[in-house]
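Using our numbering, you'd call the opening residue of the sequence shown number 32 and step up by one each time.
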Amino acid sequence: MPDIDSRYNVIQISFGTPINGTDYEIGFTPDGISQATFISQVQGLQAQGKKVLLSIGGANDPVSLDTYAERDVFVSSVTGLLNTYGFDGIDIDFEGSSLSVSSNSTIASPVDSPIIYLIEAIKTIMANYRANNNNQKMLLTFAPETALVQGGMSQWGGLWGAYLPVLHALRDSIDLLHVQLYNSGSMYGIDGGIYNQGTADFIVAMCEALIQGFDVPLSGNTAGPFQGFPESKIAVGLPACPSAAGGGFTPTATVAAAINYLRGQGPKPGSYTLAGGPYPDLAGMMTWSINWDALSTCNSTSYEFAANFEDIFLAGPCWKPNLGPDVSACDISFPYTLDSGTPTNTNVTFTWKNLTTNQTLVSNSATANTWNISAAGTYRVIRDSAGCSKSDDIAVLEDLPTPALPATENICAVVPLTLTASNAGSFPSGATFQWYQDGSPLTGETSTTLTNIRVAGDYKLVAQKNICTTESTSAVSSALPEPVDGCTTSGNAAQLAVRQTSSSTGPYTWYDSSTGGTALGTGTTFTTPPLNATTTYYVEDASSISTSTTG
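Shown next, in the form of structure tokens:
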């Protein structure tokens with residue numbers, strides 16, 4: 032892996048496959064190197080800003096989740112591999128008999144257990160990843176065969192269109208969809224024409240179908256329609272050279288012509304005419320495989336596929352920068368480097384802006400393809416190439432949860448009182464906490480729970496991680512039952528009483544002073560000595576919090 036060409040920025044390790052005679056428990060063992068060495072190599076790629084995913088399945092190893100139990104084993108095994116190897120996410124490449132859709136299913140409401148369980152499993156794996164990785168999103172990509180996706184235009188049932196319910200259910204979480212535009216029979220385009228692999232028309236028609244969406248099938252739309260994906264999530268999946276696939280290899284010049292037409296940077300290369308577009312934000316290219324591309328015998332030179340990607344996407348006249356997904360300021364260190372995703376080039380300039388402060392950080396720089404920031408906010412990079420400008424934004428978020436405390440509490444209802452943040456489990460690893468009473472820090476109280484509270488006041492919990500700080504305050508009152516004010520004539524005694532409530536039942540002690548006074552009696556009533564002036568008496572319950580009455 033250390034020798035992978037630098038132009039590859041998403042590396043999908045192939046494959047995680049079923050083990051122990053199952054078609055649902057996923058295992059992975061590095062080939063030819065130790066686990067420790069492999070993990071180190073993954074970390075080395077990640078240190079270069081690359082994403083490393085585990086691709087699950089492949090052409091020779093079907094995966095099928097037929098029961099709840101199989102779903103749960105799949106979840107635990109994949110989660111374990113993500114934790115062990117530190118992958119950034121997973122690629123789903125279920126082929127063969129892995130998925131099949133019943134004709135009475137619809138895209139929005141599938142009825143087949145393997146499809147339903149796969150959707151549920153991926154959602155759980157994503158939640159596990161977020162919980163185990165400081166609230167970071169797991170990257171999710173799909174590499175289905177054409178029959179399983181675009182094939183739904185011609186027929187619905189069996190393998191035809193079987194991926195569509197999965198893609199629909201997970202569309203908001205999918206980062207890249209790169210259908211294999213190889214090893215394929217002829218396919219319909221959304222124009223009703225039929226197109227063959229290995230041609231520019233096939234690339235253009237299949238990609239636009241993913242972006243525009245299509246009826247399922249074209250003749251009746253009984254199960255659909257399938258709603259398209261943003262162009263920024265679509266990559267063109269192709270073999271690296273003729274030997275890499277049984278069919279579908281497309282010469283580099285044809286690939287470039289097709290993608291340039293899709294992106295609005297070249298003429299129509301065949302008979303297919305775009306129904307919409309152009310699509311300048313097309314995500315990129317996927318190949319099977321990096322290993323094939325690295326061989327000098329694969330094409331005329333090694334890494335010809337990577338070079339074609341560079342010519343199309345990195346050196347093109349109107350390339351869009353990519354700052355990547357939003358990040359949490361709580362999980363990074365400042366200064367933090369934002370990367371436009373492109374090297375410097377002739378006639379290319381970069382402008383960086385802080386949209387939060389409405390400040391231009393640098394303007395029309397030929398060298399600033401990266402920029403260091405020192406605070407959270409929303410940032411924009413604008414890449415200009417000979418007058419053609421494209422931009423991308425990224426939010427560096429202060430997204431630490433706010434402690435969930437009750438707004439008010441009555442200490443008289445339960446003594447001693449305990450306060451705890453009900454959302455304690457949502458804080459990322461490494462977050463710190465401090466409790467305050469009436470603005471003063473409480474020594475040693477550095478968890479999400481404060482116990483043994485016996486005094487009324489404002490209790491504040493402050494959470495912090497790096498530059499992120501949130502806080503919440505609970506107002507603790509001492510609302511004891513109020514004694515009843517009594518009146519009597521001069522020279523006579525007064526009869527005083529406590530109005531009891533369910534939150535306080537005593538025992539009660541009566542005093543002549545709020546603190547340090549003399550105990551005069553106990554019980555819910557008290558008879559004063561003869562009075563010749565207005566006099567205040569105090570009653571205290573077992574928690575030593577008092578109220579007063581005048582007699």
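Idealized CB from N, CA, C, for every residue including glycine. Being a predicted model, the structure only gives us computed values, none of them experimental.
Limits of the alpha helix (DSSP H) - the one that residue i falls within
i	result
residue 647	The structure shown does not extend to residue 647, since the chain is modelled only from 32 through 582, so no value can be given for it.
residue 272	Premise fails: residue 272 is in no alpha helix (DSSP H) and is neither H nor E.
residue 247	It is not in any alpha helix (DSSP H) - residue 247 carries neither H nor E in the DSSP assignment.
residue 69	66–78
residue 163	144–163
residue 104	99–116
residue 198	195–200
The beta strand (DSSP E) enclosing residue i, as first and last residue numbers
i	result
residue 391	390–396
residue 493	488–496
residue 254	Residue 254 -> no beta strand (DSSP E), and no H or E assigned at all.
residue 528	526–529
residue 507	499–508
residue 85	82–89
residue 171	170–173
residue 440	439–441
residue 122	120–125
residue 191	From DSSP, residue 191 is part of no beta strand (DSSP E); its letter is neither H nor E.
residue 319	315–319
residue 401	401–404
Anticipated Cβ contact below 8 Å, residue i with residue j, distance rounded
i	j	result
residue 127	residue 90	7 Å
residue 553	residue 538	6 Å
residue 132	residue 189	7 Å
residue 183	residue 228	17 Å between Cβ atoms; not a contact.
residue 466	residue 436	About 10 Å; that fails the 8 Å criterion.
residue 260	residue 208	6 Å
residue 351	residue 324	Rounded, the Cβ-Cβ distance is 24 Å, inconsistent with contact.
residue 369	residue 402	5 Å
residue 253	residue 187	7 Å
residue 505	residue 438	7 Å
residue 123	residue 88	7 Å
residue 150	residue 200	5 Å
residue 320	residue 275	7 Å
residue 75	residue 59	Their Cβ separation, rounded to whole angstroms, is 18 Å, which puts residue 75 and residue 59 out of contact at 8 Å.
Strand pairing of residue i, partner residues [DSSP]
i	result
residue 426	409
residue 218	226
residue 541	552, 570
residue 44	85
residue 421	414
residue 562	523
residue 176	211
residue 49	57
residue 265	208
residue 132	189
residue 448	484
residue 382	413
residue 557	527
Taking three-plus beta-carbon pairs below 8 Å as touching, is the segment 210–224 in contact with the segment 174–184?
yes
contact_flag[the segment 351–359, the segment 418–429] where n(CB pairs < 8 Å) is 3 or more
Counting C-beta pairs with one atom in each stretch, the segment 351–359 and the segment 418–429 have three or more that are closer than 8 Å, which means they touch.
Does the segment 114–123 touch the segment 159–170, meaning 3 or more C-beta pairs lie closer than 8 Å?
yes
Segments of 3+ residues assigned as beta strand (DSSP E) that fall wholly inside the segment 322–379:
367–370
Three-pair Cβ contact test at 8 Å for the segment 307–320 versus the segment 331–342:
yes
Taking 8 Å as the cut-off, does the segment 439–455 touch the segment 369–388 (at least 3 CB pairs, one atom from each stretch)?
no
Given 8 Å, three or more beta-carbon pairs between the segment 191–211 and the segment 141–156:
In the pairwise beta carbon analysis, the segment 191–211 is classified as touching the segment 141–156: at least three pairs are separated by under 8 Å.
Touch check for the segment 192–199 and the segment 132–143: three-plus C-beta pairs under 8 Å?
yes
Could you pull out every unbroken alpha helix (DSSP H) segment of at least 4 residues lying fully inside the segment 450–494, listed in chain order?
none
Are the segment 361–368 and the segment 482–498 in contact at 8 Å, needing three or more beta carbon pairs?
yes
I want to know whether the segment 518–531 touches the segment 453–466 - three or more CB-CB distances under 8 Å.
no
Would you say the segment 409–417 touches the segment 383–400, given that touching needs at least three Cβ pairs under 8 Å?
Per the Cβ contact rule, the segment 409–417 is in contact with the segment 383–400 (3 or more Cβ pairs under 8 Å).
Decide yes or no for the touch test of the segment 78–92 against the segment 37–54: beta carbon pairs closer than 8 Å, at least 3 of them.
yes
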